[in-house]
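S.K.: Quick one: this structure, given as structure tokens, is what I'll be asking you about.
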Amino acid sequence: MKRAFLVLGLLLALIMPAPAQTTKLGIVMMHGKQGRPDFGIVQIAQQMEKAGFLVERPMMCWSGSRIYDRALLDCMADVDAAIVRLRKRGATAIVVGGHSLGGLGALVYGSQHDGLAGIIALAPAPGPRYASNPAVAASTQRARALIAAGHGDDKATFDDSNTGPRGAVTIQVRTTPNIFVSFTDMSGPANLVADAAALKAPVLWVSGTADPSQLPRDAGFDRVPANPLNRYLQIAAGHMDTPDAAAPAVVAWLRELAAAP
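According to numbering that gives the first Met the number 0, the sequence shown is numbered sequentially starting from 0.
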């Protein structure tokens, strides 16, 4: 009798479908320039966590307390570390996202790495026209002159630009010429249009209708390689409130990613 039950059990195991494997998404969310993890992206991160996703919000090298203490590509080490933490927490697939300069950071990371489940670019900025801002252009020219004179790793003060509630404002940053140029040289990874064209994962790209920092769709999102999970969302929001306004749509897209085969 026991042998009969054992044989029946083996037969059922062979014919019954295997249980579906569930994808546990982990999301790295990056704040904007002069921001921090507990400002600007808090509500959207909480909505992600409430929906069952794992979230890490690293302090990036363009935060207010660290601003430009590493070159742009070197900053991606903080994303790597956040991904390690997500994996330890049980994430089986990774999405990299961010707001403003964090959105650019997500595009940079996605252009440099394979194997991501998705990329979220919320009001990604700055775009190529940032380099033509007179203050930024003059500082970039001075930084290049310092590099040529052998002072590329000596700290100096440069004029930069950031987008706030009232639009673009000039700010001052103290960093090395090599680091400053890594954020302003549009022939490198700081060019989000080139980054978009080099992506290897599906993208959710969100732009606000009241956000002058945003590129037209055909200049940015439309450069992304085709993928059935690519989404472009234009919402009634300014630059700073784009993450909060986009939160429900972002959660819906993440659910779509998690359910994809």
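Note that the Cβ used here is the ideal one computed from N, Cα and C, for glycine as well.
Report the rounded CA-to-CA distance for A90 versus A148, giving the unit in angstroms.
M.R.: C-alpha separation (whole angstroms): 47 Å.
S.K.: Is DSSP giving T175 helix, strand or coil here?
M.R.: T175 falls in the coil class under three-state DSSP.
S.K.: Could you give the first and the last residue of the continuous alpha helix (DSSP H) run that contains Q45?
M.R.: Element bounds for Q45: V41 to K49.
S.K.: Under the three-state reduction of DSSP, which class applies to T91: helix, strand or coil?
M.R.: Correct three-state label for T91: coil.
S.K.: In angstroms with no decimal places, state the Cα-to-Cα distance between A235 and G207.
M.R.: Taking the straight line joining both Cα atoms gives about 6 Å.
S.K.: Buried or exposed, going by whether 16 or more other CB atoms sit within 10 Å of the CB of P201?
M.R.: Buried, by the Cβ-count rule.
S.K.: Under 7 Å between C-beta atoms, does P201 make it to chain D?
M.R.: Annotation note: the requested chain D is absent from the structure, which comprises a single protein chain.
S.K.: Mind checking A3: buried by the 16 CB within 10 Å criterion, or exposed?
M.R.: Model confidence at A3 stands at a pLDDT of 42, short of 50, so the residue's coordinates are unreliable; what they give is reported in the following sentence. So A3 counts as exposed.
S.K.: Can L198 and A92 be called in contact, C-beta distance under 7 Å?
M.R.: No, Cβ-Cβ distance for L198 and A92 is not below 7 Å.
S.K.: Counting C-beta neighbours from all protein chains within 10 Å, is the total for N226 16 or more, i.e. buried, or is it exposed?
M.R.: That one is exposed.
S.K.: Look at the alpha carbon of Q42 and the alpha carbon of P242, and state the distance between them as a whole number of angstroms.
M.R.: Looking at the two C-alpha atoms, the distance is approximately 8 Å.
S.K.: In its own chain, which residues sit with a C-beta less than 6 Å from the C-beta of R84, not counting the 5 before and 5 after it?
M.R.: Counting only Cβ-Cβ distances below 6 Å, and skipping sequence neighbours, we find E55.
S.K.: With three or more beta-carbon pairs closer than 8 Å as the criterion, would you say the stretch 155–162 touches the stretch 184–198?
M.R.: Flag = no, the stretch 155–162 and the stretch 184–198 do not touch.
S.K.: Roughly how many whole angstroms lie between the Cα atoms of G237 and A209?
M.R.: When rounded, the distance between both Cα atoms is 5 Å.
S.K.: With distance defined between alpha-carbon atoms, name the residue in V135, S212 and D221 nearest to S181.
M.R.: Of the listed residues, the one whose Cα sits closest to S181 is V135.
S.K.: In terms of alpha-carbon separation, which member of I118, V172, G114 and F179 lies closest to I146?
M.R.: Among I118, V172, G114 and F179, the Cα nearest to that of I146 is on F179.
S.K.: Would you kindly check if the distance between the Cβ of M29 and the Cβ of G101 is under 7 Å?
M.R.: Going by C-beta atoms, G101 is nearer than 7 Å to M29.
S.K.: Tell me which residue opens and which closes the beta strand (DSSP E) that W252 is part of.
M.R.: Run containing W252: none in the beta strand (DSSP E); it sits in the alpha helix (DSSP H), T241 to A258.
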